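Asks: Going down the list, the sequences are from chains U and L.
Counted the way the working numbering counts, the first sequence spans residues 350 to 626.
Counted the way the working numbering counts, the second sequence spans residues 73 to 567.
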Amino acid sequence: MYQIVAEIELAPNIKQFRINAPLIAKKCMPGQFIVLRTNEKGERIPLTVFEKDPGEGTITIIFQEVGKTTKELGRLRTGEAIQDVVGPLGTPSEIRNYGQVVAIAGGTAAAVAYPEIKALKLVGNKLITILGARSKDLLILEEEMRKYSDELYITTDDGSKGHHGFVTDVLKKLVADGKKIDMVLAIGPAIMMKVASEITRPFNIRTIVSVNPIMLDATGMCGVCRVRVNNEMKLGCVDGPEFDGHLVDFDQLMARQNMYTEKEKESLHAYEAKMKK
Amino acid sequence: MELNKIDTGISTKEMILNIVLYKEDPNYPTVYRYFRRQEMPKQPIVERIKNFNEVALGFEPDQAIMEASRCLQCQDPQCRRGCPVGINITSFCGYVREGNFDKAISVIRESNSLPAICGRVCPQESQCEAYCAMGQTGSPLAIGALERFLADYELKKGITMPSIAPITGKKVAVIGSGPAGLTVAGDLAKLGHIVSIFEALHTPGGVLAYGIPEFRLPKSIVAAEVDYVKRLGAKLETNMVIGKIFTIDELVEMGYQAIFLGTGAGSPYFLSISGENLNGVYSANEFLTRCNLMKSYLFPEYDTPLIVGKEVVVIGGGNVTMDSARTALRLGVEKVHVVYRRSEQEMPARREEVLNAKDEGILFNFLTYPLRLIGNSRGWVEKVECGMMELCEPDETGRRRPVPIPNHSFTIDAQTVIIAIGQGPNPLLSKVTKDLETDRDGRFIADEWGRTSKRGIWSGGDVATGWADATVINAMGTGKRAASSIHQFLTTGQW
Numbered sequence: 350m351y352q353i354v355a356e357i358e359l360a361p362n363i364k365q366f367r368i369n370a371p372l373i374a375k376k377c378m379p380g381q382f383i384v385l386r387t388n389e390k391g392e393r394i395p396l397t398v399f400e401k402d403p404g405e406g407t408i409t410i411i412f413q414e415v416g417k418t419t420k421e422l423g424r425l426r427t428g429e430a431i432q433d434v435v436g437p438l439g440t441p442s443e444i445r446n447y448g449q450v451v452a453i454a455g456g457t458a459a460a461v462a463y464p465e466i467k468a469l470k471l472v473g474n475k476l477i478t479i480l481g482a483r484s485k486d487l488l489i490l491e492e493e494m495r496k497y498s499d500e501l502y503i504t505t506d507d508g509s510k511g512h513h514g515f516v517t518d519v520l521k522k523l524v525a526d527g528k529k530i531d532m533v534l535a536i537g538p539a540i541m542m543k544v545a546s547e548i549t550r551p552f553n554i555r556t557i558v559s560v561n562p563i564m565l566d567a568t569g570m571c572g573v574c575r576v577r578v579n580n581e582m583k584l585g586c587v588d589g590p591e592f593d594g595h596l597v598d599f600d601q602l603m604a605r606q607n608m609y610t611e612k613e614k615e616s617l618h619a620y621e622a623k624m625k626k
Numbered sequence: 073m074e075l076n077k078i079d080t081g082i083s084t085k086e087m088i089l090n091i092v093l094y095k096e097d098p099n100y101p102t103v104y105r106y107f108r109r110q111e112m113p114k115q116p117i118v119e120r121i122k123n124f125n126e127v128a129l130g131f132e133p134d135q136a137i138m139e140a141s142r143c144l145q146c147q148d149p150q151c152r153r154g155c156p157v158g159i160n161i162t163s164f165c166g167y168v169r170e171g172n173f174d175k176a177i178s179v180i181r182e183s184n185s186l187p188a189i190c191g192r193v194c195p196q197e198s199q200c201e202a203y204c205a206m207g208q209t210g211s212p213l214a215i216g217a218l219e220r221f222l223a224d225y226e227l228k229k230g231i232t233m234p235s236i237a238p239i240t241g242k243k244v245a246v247i248g249s250g251p252a253g254l255t256v257a258g259d260l261a262k263l264g265h266i267v268s269i270f271e272a273l274h275t276p277g278g279v280l281a282y283g284i285p286e287f288r289l290p291k292s293i294v295a296a297e298v299d300y301v302k303r304l305g306a307k308l309e310t311n312m313v314i315g316k317i318f319t320i321d322e323l324v325e326m327g328y329q330a331i332f333l334g335t336g337a338g339s340p341y342f343l344s345i346s347g348e349n350l351n352g353v354y355s356a357n358e359f360l361t362r363c364n365l366m367k368s369y370l371f372p373e374y375d376t377p378l379i380v381g382k383e384v385v386v387i388g389g390g391n392v393t394m395d396s397a398r399t400a401l402r403l404g405v406e407k408v409h410v411v412y413r414r415s416e417q418e419m420p421a422r423r424e425e426v427l428n429a430k431d432e433g434i435l436f437n438f439l440t441y442p443l444r445l446i447g448n449s450r451g452w453v454e455k456v457e458c459g460m461m462e463l464c465e466p467d468e469t470g471r472r473r474p475v476p477i478p479n480h481s482f483t484i485d486a487q488t489v490i491i492a493i494g495q496g497p498n499p500l501l502s503k504v505t506k507d508l509e510t511d512r513d514g515r516f517i518a519d520e521w522g523r524t525s526k527r528g529i530w531s532g533g534d535v536a537t538g539w540a541d542a543t544v545i546n547a548m549g550t551g552k553r554a555a556s557s558i559h560q561f562l563t564t565g566q567w
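See below:
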């Protein structure tokens, strides 16, 4: 069992948990993730490690309550425990000095992008960060991002803060303005990563994305997370999660992400009905 | 109880009397000839295809005694030669015949830490039973069913723990808690070594937990056998992906003097045909893991979903194919087709499981292979386009090689396609352990004692080279030899 030692509500339905997991805290690198299972009957879900504290023996995760599993997870309180936490999984990000990096983070994926942005900054990159959310309420990690960014742009879909529109609008403008960009890191919903990759493709700017397919064991055993990259089958869990955005088949990724949408709704409804009782 | 009696004019009562007389006087003539081979009762077909309960129900004590009384007690028994772990079969059958089940199971336990599992999933028909002298003139002894009977008898009654050697203080790491790893751990713990088993998943058992379905191997049986290994003193740590959380070198630094790699063949092969990434297309590993490990057949009580359409196509011809097809059937689908490129004769699946599958209504398409998977506009699979094969001269496996017949294609409707064409070793560990030699397929190169190219590291089961069939018992056989080699290394320092 893995005990929750601290909890924060970052935004409505977005929670941050610090979890006791000393071995993972020692080993986890930017880009890597864990898989957790809330209880005996739970499913295995992947979540990126937002921060680690090897001294204290803890890792921090951030998640949005959208389906049954994340809602059930969100009901846990400090002192309670998560049944299973396994990690670190996935291949670590390639952290080196590229020069000037534009990092785009959309929605809760800011938590995925943050450790990498921080690591890229610490090895000497100049960081231009574009942080977006649906609205001001859902914008997370602004202060953390500011700390490791040379420039920070905020966007909201509803215009409640910063640029009214998408993170990719800002990227498009930076590219159009002829800003020197050595690498783009795009992390967020698949459609955002697809658009970002299309913006940079004509300019041949190295673009790294972090794919988020459905996973099960996340050790390369089941193949559910298979992604077509450069017309080859790759596994998101072990070969990824990061790939060259210009080579990823995003349409297939998005189709596969929706495989269980109906079942997920069914599961959530059954859970909500049970909770009402 | 209805006995499978040969019509000799002898009543059941007389036969039982015969056994009683034998028990009183061992010189009384053996009664084997009066009995047909006893078969385990099975759940009725119409019922079993609607549930995940075990299909075969096991012998009753009387039936076990009758079956064991068929054993000829050969002076030079061949059956034992067919057992990868060398169980003294004639000895345990002798005790069963006397009704001494406790002694009988203790004979099995001397060679096998997991009898309840082996009694269920070993391909006895090609191992011990294939060597049984009675097989030459009639039906061989039902050794597997007897082993299962004894193991279940013992589990019901509570396992008697064997004596454990004094602690040696030597530390052993076992990577993977499948059949190979559990065998190594059990054997070395009994010898007094300090054994830690590292399992990547949240539940131990490896393929016994994620792969083999409940209706063939109940998970409570796996849990009981794992518990036995733990009670022998082995420590089990789940959620530990070795290669990620610790490298092999780190385990050595942590003081493990011997390391056994039994990480299995967990990496699914795909077909590399068009449409393979459509929704509704599963690897058998994914399909079975969802069902067995995550219990998606109990969704939404259990959270992990699984979607199956009305018609399912399973591609392949091995035991995993049968397991996938029969699992799909139990999820309430209308039709399950197996598509296999050779003929029925060449199928690597156990005969018994093929017959079970046929009884349950699985449809077989032999000499058929998938050309492509056809999807709808929403990205879901709808049809499998198949080609036909004919058999030509034998290939390197000795089986006749299938060759496509040109211009012979047809389609099968399927909303779910399961690819069960085999699996290779998971490269996760070999990729980060550069100084361990592997073969072309990524298997660790190991000698007959499981020794790899690196001193202090052994490997066995499906992830290692050097043996033929990927069965549970063969994995256990390699584990057994590795355990004896590890013990020798730890006590003498000789590699």
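Just so it is clear, CB atoms sit at the ideal spot from N, CA and C, and this is done for glycine as well.
In this text the structure is predicted, and so the values were computed from the model without any measurement.
Could you tell me which of U:Val354, U:Val461, U:Glu611 and U:Val578 sits nearest to glycine 428 of chain U, measuring between CA atoms?
Replies: Checking every option, the nearest Cα to that of glycine 428 of chain U belongs to U:Val354.
Asks: Here's the rule: buried if 16 or more other CB atoms are within 10 angstroms of the residue's CB, otherwise exposed. What is alanine 622 of chain U?
Replies: Its Cβ having fewer than 16 others within 10 Å, alanine 622 of chain U is exposed.
Asks: Are the C-beta atoms of glutamate 358 of chain L and some chain U residue less than 8 Å apart?
Replies: Yes, because at least one Cβ of chain U sits closer than 8 Å to the Cβ of glutamate 358 of chain L.
Asks: Along the chain, which unbroken stretches of the alpha helix (DSSP H) at least 4 residues long are found entirely within the segment 338-414 of chain L?
Replies: List check, alpha helix (DSSP H) in window: 356-360 and 391-402.
Asks: Three-state secondary structure (DSSP) at leucine 385 of chain U?
Replies: Three-state result, leucine 385 of chain U: strand.
Asks: Do threonine 433 of chain U and asparagine 311 of chain L have their C-beta atoms closer together than 8 Å?
Replies: Note on identity: in this sequence residue 433 of chain U is aspartate, with threonine being the wrong assignment. Taking 8 Å as the Cβ cut-off, aspartate 433 of chain U and asparagine 311 of chain L qualify as a contacting pair.
Asks: Does phenylalanine 482 of chain L come out as helix, strand or coil in the three-state DSSP assignment?
Replies: Three-state result, phenylalanine 482 of chain L: strand.
Asks: Buried or exposed for cysteine 464 of chain L, please, with buried defined as at least 16 other CB atoms from any protein chain shown within 10 angstroms of its CB.
Replies: When all chains shown are included, cysteine 464 of chain L counts as exposed.
Asks: Rounded to a whole number of angstroms, what is the C-alpha to C-alpha distance between glutamate 373 of chain L and lysine 390 of chain U?
Replies: If I take the Cα positions, the gap works out to 7 Å.
Asks: Can you name, in chain order, every residue of its own chain whose Cβ lies under 7 Å from the Cβ of proline 234 of chain L, other than the five neighbours on each side?
Replies: Hits under 7 Å: Arg181 and Lys262.
Asks: With a threshold of 16 other CB atoms inside 10 Å of the CB of histidine 618 of chain U, please say whether the residue is buried or exposed.
Replies: It is exposed - the Cβ of histidine 618 of chain U has fewer than 16 other Cβ atoms within 10 Å.
Asks: Going by DSSP, which residues form a beta bridge with phenylalanine 399 of chain U?
Replies: For phenylalanine 399 of chain U, which the question treats as bridged, DSSP gives no partner whatsoever.
Asks: I'd like the span of the alpha helix (DSSP H) that includes arginine 120 of chain L, first residue to last.
Replies: Its alpha helix (DSSP H) spans residues 117-120.
Asks: Could you give the distance in angstroms between the alpha-carbon of methionine 570 of chain U and the alpha-carbon of leucine 360 of chain L?
Replies: Rounded to the nearest angstrom, the two C-alpha atoms are 11 Å apart.
Asks: Hey, could you find the ends of the beta strand (DSSP E) valine 533 of chain U is sitting in?
Replies: First-last of the beta strand (DSSP E) with valine 533 of chain U: 532-536.
Asks: Is the beta carbon of valine 380 of chain L closer than 8 Å to that of alanine 400 of chain L?
Replies: Cβ distance < 8 Å, so alanine 400 of chain L and valine 380 of chain L count as in contact.
Asks: Are any of the Cβ atoms in chain U nearer than 8 Å to that of glycine 451 of chain L?
Replies: Interface residue, yes.
Asks: CA-CA distance, cysteine 586 of chain U and leucine 500 of chain L?
Replies: When rounded, the distance between both Cα atoms is 11 Å.
Asks: Label arginine 169 of chain L either buried or exposed according to how many other C-beta atoms from any shown protein chain fall within 10 Å of its C-beta, with 16 as the threshold for buried.
Replies: It counts as buried.
Asks: Buried or exposed for aspartate 148 of chain L, going by 16 or more other Cβ atoms inside 10 Å?
Replies: Flag for aspartate 148 of chain L reads exposed.
Asks: So, is the C-beta of threonine 376 of chain L closer than 8 Å to a C-beta in chain U?
Replies: Closer than 8 Å to some Cβ of chain U, the Cβ of threonine 376 of chain L qualifies, so yes.
Asks: Report yes or no: is there a C-beta of chain U within less than 8 Å of the C-beta of tyrosine 104 of chain L?
Replies: At tyrosine 104 of chain L, the pLDDT of 47 sits below 50, so the modelled position is not reliable; the number obtained from the coordinates is stated separately. It does not: the Cβ of tyrosine 104 of chain L has no partner Cβ on chain U nearer than 8 Å.
Asks: Going by CA-CA distance only, name the one from U:Tyr351, U:Gln606, U:Arg577 and U:Lys614 that's closest to valine 435 of chain U.
Replies: For the residues U:Tyr351, U:Gln606, U:Arg577 and U:Lys614, the minimum Cα distance to valine 435 of chain U belongs to U:Tyr351.
Asks: For the segment 289-307 of chain L and the segment 330-345 of chain L, state whether three or more C-beta atom pairs, one from each stretch, are separated by less than 8 Å.
Replies: Result no; under three Cβ-Cβ pairs closer than 8 Å.
Asks: Looking at the C-beta of proline 497 of chain L, does it have a partner C-beta in chain U at a distance below 8 Å?
Replies: No, proline 497 of chain L does not count as interfacial toward chain U.
Asks: What residue from L:Gln495, L:Lys407 and L:Ile320 has the CA that sits closest to threonine 524 of chain L's CA?
Replies: Of the candidates L:Gln495, L:Lys407 and L:Ile320, the one whose C-alpha sits nearest the C-alpha of threonine 524 of chain L is L:Ile320.
Asks: Please tell me whether glutamine 115 of chain L and valine 127 of chain L are closer than 8 Å, where the distance is taken between their beta carbons.
Replies: For glutamine 115 of chain L and valine 127 of chain L, yes; Cβs fall inside 8 Å.
Asks: Quick one: what's got a C-beta closer than 7 Å to glutamate 613 of chain U's C-beta in the same chain, skipping five residues either side?
Replies: Contacts found: Gly416.
Asks: Does DSSP put valine 298 of chain L in a helix, in a strand, or in coil?
Replies: The answer is helix: DSSP assigns valine 298 of chain L an H, G or I state.
Asks: Just how far apart, CA to CA, sit lysine 316 of chain L and leucine 490 of chain U?
Replies: Each residue's Cα considered, the two are about 28 Å apart.
Asks: If you draw a straight line from the alpha carbon of proline 420 of chain L to that of isoleucine 411 of chain U, how long is it in whole angstroms?
Replies: Looking at the two C-alpha atoms, the distance is approximately 47 Å.
Asks: DSSP three-state label for lysine 510 of chain U, please.
Replies: Coil at lysine 510 of chain U, not helix or strand.
Asks: With a threshold of 8 Å between beta carbons, is glutamine 601 of chain U in contact with chain L?
Replies: So, interface residue.
Asks: Count the other CB atoms within 10 Å of the CB of isoleucine 239 of chain L; is the residue buried (16 or more) or exposed (fewer)?
Replies: Classification of isoleucine 239 of chain L: exposed, given that the 10 Å Cβ count is below 16.
Asks: Counting only Cβ pairs nearer than 8 Å, list the residues of chain U close to methionine 366 of chain L.
Replies: Here the neighbours are Glu392, Arg393 and Leu565.
Asks: Answer yes or no: do leucine 378 of chain L and glycine 451 of chain L have a C-beta to C-beta separation smaller than 8 Å?
Replies: Cβ distance not < 8 Å, so leucine 378 of chain L and glycine 451 of chain L don't count as in contact.
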